[in-house]
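Below is one structure, written out as structure tokens, with a few remarks after it.
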Amino acid sequence: MAERCSKWYGHVLGVSEVTWTLRGGIVGLLGPNGAGKSTLIKMMGGLLRPSRGTLRVYGENPFDRVAVRRRIGYAPEHEATWDELTALELVTAMTRLAGVPAARAGRAAEDALDRMGMTQAMHRRVRGFSKGMRQRTKLATAIAHDPDFLLLDEPLTGVDPIARADIIARIQQLGAAGKTILVSSHVLYEIEALTSEIVVIYRGQVLAEGNVYEIRALIDRHPHRIRVECDRPRAIAAALAAEDHVARLSFDRGGVVIETRDPDRCYDQLAAAVLAGGVVVSGLSSPDNNLGAVFEYLTGDGGKR
Amino acid sequence: MTTPRARSMVAPLAAVTLRRFARGKALWIAAGLAALPIGYAALRHARSAPPRSEELFAMMMLLVAVLPAMFVASSIGEEIEDRTSAYLWSRAIPRWAIVAGKLAALAPVAAVLLAASWYAAIRIATAPPPLASCAAVAAASVAGSVVAAGIATLVPRHAMVLTICYLLTDNAIGALDFSFAGLSITHQAKLIAQFADAPSPVGAPLLAMAGIAAVWAAIALLRIRRLEV
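For the record, the sequence lines run as chains C and E. 34 is the number that the working numbering gives to position 34 of the first sequence; each next residue is one higher, with no gaps. 1169 is the number that the working numbering gives to position 169 of the second sequence; each next residue is one higher, with no gaps.
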């Protein structure tokens, strides 16, 4: 739980007046580079101390309290690890440093690497690992001591699509096992593939939190967009142009984009117009169901930063 | 007094530090440097002009300025600079255990290496050295390691270079005949090894050296408590 929590790096603001409670499940921390995601995660992991305000994990300050850090598993954003060691040696050492007795640490490390799909490579030195293997090893170091709370900072950065899908599945398994997981990313579809619970952070401030649809509901000043791909987009546009809930109509290649303030009514009227005009519809999509649209709305800058 | 609980935190960190160190280049470079006085003594001995003990001791003190910096300062400094410290900081270990673990692993290696080098060099040159001189080299090396830890927590980026500069300055101060030479590790090492003009009991310089090391240990421990990564 963060309460009016701020962090400065000299004169540079990392996080500003964040008040936020993380309740559980898998939560995506979404924001562009430099938004403050890593700063927030590091403060939760006990690596940074808030400059102002309070931050508590399980009721304690993670920077000062050793005991609470036992319950946290942290996978940093960067790739640097102890490259001289094998994956098993690295994870075993980290597991011991997390307070697991020596007798159990080796077994726990093997299990964690196994769960991350690193069984074959666990006796190889980290120095020769690909980016995907490093990400998996980092995740193994985070989970091996069986923490309740996982902080995963950009765990999918730089991995190939197959590895990405695999890592996503493994993170979801951890979530299903009851772990509270905070995953950061600046890539919208990565978060979307992991969870529908998101927190949007931008310029050090939490702009919104909740389900994608709840967040969408917060933005009532922004019309909901529906894109219809069809053989006669102008017929659809003509049927809906006079409706008061339609804010805007635009045409693109082979379709029409309707912006409406009342999606339910719009879908009903759209169906009627298609039937009445004998229009052949080849595709129907709502770009607003994508996190990209939500982020674009919330940041108000097109999400291009 | 270290409690079993504290030992359980320091021991795994020391173990992994040693393992990493053994697989790196620093140990081999250091071993090469430590062999220099031995080679020098052997060469002079072969030419029937063995070096004086004081000469070899001065050479050892130069190595005391280099080896602890190579071991401890670079280990702590690079950990912070390379950001691998993020793993350590997020673990359930108190921050002081990070410094203690590094020192527990690396300070003895530096001390043994330098003391062995001193023993071998002086044995070739003259005769087996007195125990006090071996202790002086080892103690100076340990004190240098603690200084290195302090500097590394203050300035991680240039920890090794700054530590070498500091210990070389310490070396120069130790050679001066002023009262503040007492602040020098080298000066105290000379007193312990009985190389000073007026031989004195070993206890007082040993305590003085421990005092200098304690100041730097306090700096390291205070700094690491507040250090963010």
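Here a beta-carbon is modelled for each residue, glycine too, at the ideal position from N, C-alpha and C. All of these numbers come straight from a predicted model, not from anything done at the bench.
Cα-Cα separation, residue i to residue j
i, j, result
"P101(C)", "R56(C)", "27 angstroms"
"I1151(E)", "K37(C)", "31 angstroms"
"A2(C)", "K138(C)", "26 angstroms"
"R1007(E)", "E1079(E)", "21 angstroms"
"I41(C)", "Y213(C)", "25 angstroms"
"I1076(E)", "E60(C)", "28 angstroms"
"E110(C)", "T157(C)", "24 angstroms"
"L113(C)", "S6(C)", "36 angstroms"
"Q269(C)", "R261(C)", "13 angstroms"
"A276(C)", "E243(C)", "16 angstroms"
"T1003(E)", "A93(C)", "Confidence at T1003(E) is low in this model, with a pLDDT of 45, below 50, so its placement is unreliable and the value that follows should be read with caution. Each residue's alpha carbon lies about 21 angstroms from the other."
"G302(C)", "A165(C)", "In this prediction, G302(C) scores a pLDDT of 49, lower than 50, which makes its location untrustworthy; the coordinate-derived value is nonetheless stated afterwards. Computed Cα separation, rounded: 27 angstroms."
"L1113(E)", "L1162(E)", "22 angstroms"
"L329(C)", "Q120(C)", "In the structure displayed, chain C extends from 1 to 305; residue 329(C) sits before or after that span and is not available."
"Q173(C)", "E154(C)", "18 angstroms"
"L1033(E)", "V1109(E)", "14 angstroms"
"R1044(E)", "A1121(E)", "11 angstroms"
"I236(C)", "D264(C)", "16 angstroms"
"V256(C)", "V274(C)", "13 angstroms"
"A35(C)", "V1147(E)", "39 angstroms"
"I215(C)", "P223(C)", "13 angstroms"
"K304(C)", "V200(C)", "Because K304(C) sits at a pLDDT of 44, beneath the cut-off of 50, its placement in the model cannot be relied upon, and the point is left open."
"K131(C)", "G1144(E)", "39 angstroms"
Local Cβ density within 10 Å of residue i, reported as buried at 16 or more and exposed below that
i, result
"W1028(E)", "exposed"
"R253(C)", "exposed"
"Y202(C)", "buried"
"R127(C)", "exposed"
"V280(C)", "exposed"
"G31(C)", "buried"
"S1117(E)", "buried"
"R1047(E)", "exposed"
"A1049(E)", "exposed"
"N1171(E)", "buried"
"P161(C)", "exposed"
"R4(C)", "exposed"
"T195(C)", "buried"
"L1207(E)", "exposed"
"F251(C)", "exposed"
"R134(C)", "buried"
"T21(C)", "exposed"
"M141(C)", "Note that residue 141(C) is Thr in the sequence shown here, rather than Met. Result: buried."
"A98(C)", "buried"
"E1054(E)", "exposed"
"G1174(E)", "buried"
"V91(C)", "buried"
"Y297(C)", "buried"
Inter-residue CB distance, residue i and residue j (contact presumed, cutoff 8 angstroms)
i, j, result
"P1129(E)", "R1123(E)", "7 angstroms"
"R96(C)", "A105(C)", "4 angstroms"
"N33(C)", "H186(C)", "5 angstroms"
"M118(C)", "R136(C)", "5 angstroms"
"G28(C)", "V183(C)", "5 angstroms"
"V1016(E)", "A1100(E)", "Wrong, their Cβ atoms sit about 14 angstroms apart, outside the cutoff."
"R1020(E)", "E190(C)", "Contact flag wrong, Cβ pair sits at about 33 angstroms."
"A1115(E)", "Q1194(E)", "Contact doesn't hold; Cβ gap of about 16 angstroms is too wide."
Beta-carbon spacing of residue i, residue j below 9 angstroms
i, j, result
"E192(C)", "R225(C)", "no"
"T86(C)", "T1084(E)", "no"
"L1167(E)", "A1065(E)", "yes"
"G1072(E)", "A1111(E)", "According to the sequence displayed, residue 1072(E) carries Val and not Gly. The answer is no: Cβ separation not under 9 angstroms."
"P1201(E)", "A1189(E)", "no"
"Y74(C)", "A1214(E)", "no"
"S286(C)", "R227(C)", "yes"
"G53(C)", "R69(C)", "no"
"R1223(E)", "A1125(E)", "no"
"A1097(E)", "L1018(E)", "no"
"P1156(E)", "E1081(E)", "yes"
"A108(C)", "A144(C)", "yes"
"M1209(E)", "A1149(E)", "no"
"A1159(E)", "A1069(E)", "yes"
"R1226(E)", "R49(C)", "yes"
heavy atom of the ligand GTP below 8 angstroms from residue i C-beta
i, result
"L1027(E)", "No copy of the ligand GTP appears in this structure; indeed no ligand is present at all."
Counting Cβ pairs, one atom from each stretch, are 3 or more of them under 8 angstroms apart for the segment 1084–1092 of chain E and the segment 1185–1198 of chain E?
-> Three or more Cβ pairs closer than 8 angstroms define a contact, and the segment 1084–1092 of chain E falls short of that threshold against the segment 1185–1198 of chain E.
Below 8 angstroms, can you find three or more Cβ-Cβ pairs linking the segment 227–237 of chain C to the segment 204–217 of chain C?
-> no
At least three beta-carbon pairs within less than 8 angstroms, the segment 1094–1112 of chain E to the segment 1159–1179 of chain E | no
Are there three or more Cβ pairs, one per stretch, closer than 8 angstroms when the segment 1029–1049 of chain E is compared with the segment 1059–1073 of chain E?
-> At 8 angstroms Cβ cutoff, the stretches touch.
The segment 141–155 of chain C contacting the segment 177–197 of chain C, beta-carbon criterion three pairs below 8 angstroms = yes
Do the segment 13–28 of chain C and the segment 163–170 of chain C meet, that is, are 3 or more Cβ pairs less than 8 angstroms apart?
-> no
Closer than 7 angstroms, Cβ to Cβ, to anything on chain B: give me those residues from the segment 149–164 of chain C, in chain order.
-> Checking the listed chains, one finds no chain B in this structure; the protein chains it contains are C and E.
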